[in-house]
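Novice: Numbering (my numbering), first residue to last: 138 to 415. All C-beta atoms, glycine included, are put in the ideal place defined by N, C-alpha and C. It should be emphasised that the depicted structure is a prediction, and the values quoted were computed from it without experimental measurement.
1) Using only the alpha-carbon positions, how far apart do residue 421 and residue 405 sit?
2) Specify, as a first and last residue, the run of the alpha helix (DSSP H) that residue 263 falls within.
3) Let me confirm a value: residue 145 is counted as buried when at least 16 other C-beta atoms fall within 10 Å, else exposed. Which label applies?
4) On the DSSP letters alone, give me the boundaries of the alpha helix (DSSP H) that residue 334 sits inside.
5) How is the alpha helix (DSSP H) around residue 402 delimited, first residue to last?
6) State the Cα-Cα distance for the pair residue 361 and residue 317, rounded to the nearest angstrom.
7) Short of 6 angstroms in beta carbon distance, which residues of its chain neighbour residue 408, apart from the five on each side in sequence? Order them along the chain.
8) Can you list, in chain order, the stretches of the beta strand (DSSP E) that have 3 or more residues and sit fully within the stretch 289 to 328?
9) Over what stretch of residues does the alpha helix (DSSP H) that includes residue 350 continue unbroken?
10) Measure the C-alpha to C-alpha separation of residue 300 and residue 242 and round it to an integer number of angstroms.
11) Nearest to residue 199 by alpha carbon, out of 378, 288, 304?
12) Per DSSP, residue 207 forms a beta bridge with which residues?
13) Where residue 245 and residue 306 are concerned, what is the direct C-alpha to C-alpha distance, given to the nearest angstrom?
14) Comparing C-alpha positions only, which one of 291, 283, 259 sits nearest to residue 273?
15) Under 8 angstroms, with one C-beta from each stretch per pair, do the stretch 185 to 193 and the stretch 276 to 285 reach the 3-pair mark?
16) How big is the Cα-Cα spacing for residue 344 and residue 396?
17) Locate the alpha helix (DSSP H) running through residue 110, then write down its first and last residues.
18) Just how far apart, CA to CA, sit residue 303 and residue 184?
19) Please say whether residue 392 and residue 355 have beta carbons closer to each other than 7 angstroms?
20) Using only CA atoms, which one of 207, 270, 321 lies nearest to residue 228?
21) Is it true that the CB of residue 314 sits closer than 7 angstroms to the CB of residue 503?
22) By DSSP's criteria, residue 183 is part of a beta bridge. Which residues make up the other side?
23) Would residue 435 and residue 377 qualify as a contact pair, given that the criterion is a beta-carbon distance under 7 angstroms?
24) In its own chain, which residues sit with a C-beta less than 8 angstroms from the C-beta of residue 342, not counting the 5 before and 5 after it?
25) Tell me whether residue 399 is buried or exposed, calling it buried when 16 or more other Cβ atoms sit within 10 Å of its Cβ.
26) Nearest to residue 387 by alpha carbon, out of 369, 358, 348, 357?
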């Protein structure tokens, strides 16, 4: 039995499906199987070396998480901002401060919400302190198979997989759509109920009884999104006009210097919606 067959037989006996798949591919391929995917460099060239691929991904995410702040300031004049008591310092802790706090932790105490005992943090030594400081300082790294890139700061946004991400985004969407409802007359009446919008994650359906009201609502939506660093994807935005309120010859409607397509049929959250309401 050849070496590849022995390797393939051994890995299929385990529970690692990824390794089993890679081993099966190796049996059918005379060339070595790469554990990473080639990517293109900024200049357009193809990168295949693991170190260069990892560095390229790290540079991409570093740029993504260090975007410029919004040019428009958020209008919070009508919002009551709670004041922390006592005041909270939002600056990232230094490595020495992180080390000092870990040393202050008492032994034989129940762990906090993280479930990590003080003994484990102290026994981890410098390696644990470096990782803990990276978490508290909003530093990120990119893993490409077994290779890890250098740490880089996260200035905007949160790291992938952070539990705060959906909560922060939902808060921003609620703020934007709430301001849109307050500053426009959007909404459609269904009996005694008036619905201004339906939204799921970053998809929103906005109702209006006239085109002018809808254009005003979209203008407010675009304006209120900018201070939060969000942008409306006009390429994915579509109009649907029911009850013949638009001429059938109209194919595009100008909104915020963009032409938005008018559709008779559109799919929203898996539902096929036609202007005939069928």
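Specialist: Put simply:
1) Coverage of the chain is limited to positions 138 through 415, which leaves residue 421 absent and any answer about it impossible.
2) Locating residue 263 in the chain shown gives position 126, counting from the first residue. From DSSP, the alpha helix (DSSP H) with residue 263 extends over 262 to 273.
3) Position 8 of the chain shown, counting from 1, holds the residue named residue 145. Unreliable placement is indicated for residue 145, whose pLDDT of 39 sits below 50; the coordinate value is still reported in the next sentence. Residue burial annotation: residue 145 is buried, with at least 16 other C-beta atoms found within 10 angstroms of its C-beta.
4) Start at 1 with the first residue of the chain shown, and residue 334 comes out as number 197. Residue 334 -> not in any alpha helix (DSSP H); beta strand (DSSP E) instead, spanning 334 to 337.
5) Position 265 of the chain shown, counted from the first residue, corresponds to residue 402. Annotation for residue 402: no alpha helix (DSSP H) segment contains it, though the beta strand (DSSP E) segment containing it runs 402 to 405.
6) Counting from one through the chain shown, the residue named residue 361 turns up at place 224. Counting from one through the chain shown, the residue named residue 317 turns up at place 180. Residue 361 and residue 317: Cα-Cα distance of roughly 8 angstroms.
7) For the purposes of this step, residue 408 is identified with residue 271 of the chain shown, where counting begins at 1. Residues of the same chain with their beta carbon placed closer than 6 angstroms to that of residue 408 are lacking, with the five preceding and five following residues left out of the count.
8) 325 to 327, all fully within the stretch 289 to 328.
9) Numbered from 1 along the chain shown, position 213 holds the residue referred to as residue 350. From DSSP, the alpha helix (DSSP H) with residue 350 extends over 348 to 362.
10) Within the chain shown, the letter at position 163 stands for residue 300. Within the chain shown, the letter at position 105 stands for residue 242. One C-alpha to the other measures close to 25 angstroms.
11) As a working mapping, residue 199 is identified with position 62 in the chain shown. Per the C-alpha coordinates, the member of 378, 288, 304 positioned closest to residue 199 is 288.
12) For the purposes of this step, residue 207 is taken as the residue at position 70 of the chain shown. When DSSP reads this structure, residue 207 sits in no beta bridge, so it has no partner.
13) For the purposes of this step, residue 245 is taken as the residue at position 108 of the chain shown. For the purposes of this step, residue 306 is taken as the residue at position 169 of the chain shown. Distance between the alpha carbons of residue 245 and residue 306 is about 39 angstroms.
14) Working through the chain shown from its first residue, we reach residue 273 at position 136. Residue 291 is the option with its Cα nearest to residue 273.
15) The stretch 185 to 193 vs the stretch 276 to 285: in contact.
16) On the chain shown, residue 344 is found 207 positions in, with the first residue counted as 1. On the chain shown, residue 396 is found 259 positions in, with the first residue counted as 1. Near 19 angstroms, if we compare the C-alpha coordinates of residue 396 and residue 344.
17) Absent from the structure is residue 110, since the part of the chain shown begins at 138 and ends at 415.
18) Position 166 of the chain shown holds residue 303. Position 47 of the chain shown holds residue 184. So the two alpha carbons sit approximately 33 angstroms from each other.
19) In the chain shown, the residue the question calls residue 355 occupies position 218. In the chain shown, the residue the question calls residue 392 occupies position 255. The beta carbons of residue 355 and residue 392 sit closer together than 7 angstroms.
20) The residue given as residue 228 occupies position 91 in the chain shown. Considering only 207, 270, 321, the residue with the shortest C-alpha distance to residue 228 is 270.
21) Residue coverage of the chain in this structure runs from 138 to 415, which leaves residue 503 outside it and unanswerable.
22) In the chain shown, counting from the first residue as 1, residue 183 sits at position 46. For residue 183, which the question treats as bridged, DSSP gives the partners 177.
23) No information on residue 435 is available, as it lies outside the stretch 138 to 415 that the chain covers here.
24) Along the chain shown, read from residue 1 onward, the residue named residue 342 stands at position 205. The residues are 334, 335, 336, 405.
25) As a working note, residue 399 is residue 262 in the chain shown. Answer is buried; the Cβ neighbour count reaches 16.
26) Taking the chain shown and counting its residues from 1, one reaches residue 387 at position 250. Answer by Cα proximity: 348.
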